[in-house]
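J.: When we follow full-length UniProt numbering, the leftmost residue of the sequence shown carries the number 1, and every step to the right adds one. So that we are looking at the same thing, I have put the structure below in C-alpha cells.
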Amino acid sequence: MFLVAVAAAAVAADPQQVQQQQQQPQMRMSSMARSLLQPPKPDCPSSCSVRCGNNWKNEMCNKMCNACCNKCSCVPPGTGQDTRYLCPCYDTIVNPHTGKLKCP
Numbered sequence: 001m002f003l004v005a006v007a008a009a010a011v012a013a014d015p016q017q018v019q020q021q022q023q024q025p026q027m028r029m030s031s032m033a034r035s036l037l038q039p040p041k042p043d044c045p046s047s048c049s050v051r052c053g054n055n056w057k058n059e060m061c062n063k064m065c066n067a068c069c070n071k072c073s074c075v076p077p078g079t080g081q082d083t084r085y086l087c088p089c090y091d092t093i094v095n096p097h098t099g100k101l102k103c104p
C-alpha cells in the first residue's frame, strides 16, 4: 500500500521540476578527496626527522624512514625500537638482501 502511494506521488510530480533536477550539475569528488574512514597521511619528513633525531646515521635513517612512511602511512613515535609495534606495516618491512628490518 505504501509503495503504491510513493509511486503515485512520483508520477504526479511536476515534469518541469523533474527536468530542472536533471539539468543540475552532478557533484564529483576531486582526486584530492580522501575517504573519511582512512586516517590522514602523516607529514613524513617532519615525523622522520623526529624519529631519526638521535641516530648517528641521520641521513640514512631519514631516507629509509621516509620510504617506509610513504609505504605504510605511519611512523612510530619516539626514537627507539620499543615503539615499532605501534605501526605494524613499518615493523614488518624487511630488507630482501640482508633479512634485517628495513625501517629505522
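Glycine included, every Cβ here is placed at the ideal spot set by N, Cα and C. The model shown is predicted, which means the values in this text are computed figures rather than measured ones.
1. What is the DSSP secondary structure of P96, reduced to helix, strand or coil?
2. Taking C-alpha atoms, which residue in G80, E59, C74, N70 lies nearest to P88?
3. Express the C-alpha separation of H97 and N55 in angstroms, rounding to a whole number.
4. Does M60 pass the burial test, meaning 16 or more other C-beta atoms within 10 Å, or should it be called exposed?
5. For L101 and G80, what's the separation of their Cα atoms in angstroms?
T.: Inspection of the coordinates gives the following:
1. coil
2. C74
3. 23 Å
4. exposed
5. 14 Å
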